[in-house]
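Numbering (the UniProt record's numbering), first residue to last: 1 to 182.
For every residue, glycine included, the Cβ atom is placed at its ideal position computed from N, Cα and C.
The model shown is predicted, which means the values in this text are computed figures rather than measured ones.
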Amino acid sequence: MWIYCGSLDSEYNHIRDDISSLFAVGAPNQRLAKVFIIISSVLLFIFYLGLHNGLNDGGGSIIGPILLVFSSILGVLVAIFFPLDEGGEIKTYKGKMHIILVVASGILTITGMVALWLRLQVVVGWSAFATFSLISSIISAILIIISGIFATGKYRGILERFGVAPYQIYYFVLGLMVFLVN
């Protein structure tokens with residue numbers, strides 16, 4: 001969805017520009033990018049609502065799935081109410097809230113991954129995924145920190161994409177595991 005929205009704007013550069021600039025105030029395809037983010041977040045929300053029961057028939061802690069639910073809610077809030085300011089800047093309350101909520105969403109997701117690792121490491125059929133969950137959380141944290149350090153550089157777009165790639169892979173593998181185990 002990011003590649004598609006970015007390709008619609010001749011001024012947008014996937015290596016230089018961050019993902020949030022696609023739905024910033026005044027962005028050429030802001031509405032389309034917002035719709036994609038909202039749909040993605042709502043689908044994650046629906047998946048996470050059922051995740052607790054899909055993991056080990058509901059046995060174990062609900063903390064991981066709840067953290068992931070809250071993360072998806074923040075994604076919707078960011079897209080609807082808190083776009084970056086025009087030009088992808090961070091000047092107003094909404095722009096600052098955008099950054100705060102995106103960071104909070106990332107922290108919730110990484111913490112949710114760790115919680116699922118703790119929950120699933122001794123569950124038959126899920127122990128390999130538990131290890132994958134821990135590794136994904138560590139890689140995500142490292143890449144997001146690197147992305148944050150270089151947030152104002154000319155390669156922030158590509159760094160951000162590498163930073164969120166483990167999340168996307170994690171969502172896919174988690175969904176596949178729930179499907180295969182159930």
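Under DSSP, the alpha helix (DSSP H) around residue i begins and ends at which residues?
i      : result
Lys96  : 93-120
Lys34  : 30-54
Ile62  : Here Ile62 belongs to no alpha helix (DSSP H), and DSSP marks it neither H nor E.
Met177 : 156-181
Ala141 : 127-149
DSSP on residue i, reduced to helix/strand/coil?
i     : result
Asp17 : coil
Glu11 : coil
Assuming residue i contacts residue j (C-beta within less than 8 Å), just tell me the rounded distance between them.
i      : j      : result
Trp117 : Ser133 : 4 Å
Gly60  : Arg119 : 4 Å
Under a Cβ-count criterion, where at least 16 other Cβ atoms within 10 Å of its own Cβ denotes burial, should residue i be classed as buried or exposed?
i      : result
Glu89  : exposed
Phe150 : exposed
Ser140 : buried
Asp18  : buried
Ala115 : buried
Phe23  : buried
Tyr4   : exposed
Glu11  : exposed
Ala33  : buried
Leu159 : buried
Gly125 : exposed
Please state whether the Cβ-Cβ distance between residue i and residue j is less than 8 Å.
i      : j      : result
Ser40  : Met1   : yes
Tyr167 : Thr111 : no
Tyr93  : Ser72  : no
Leu51  : Leu74  : no
His14  : Gly153 : no
Leu176 : Phe162 : no
Val102 : Val78  : yes
Ile66  : Ile38  : no
Ser137 : Leu84  : no
Met113 : Tyr171 : no
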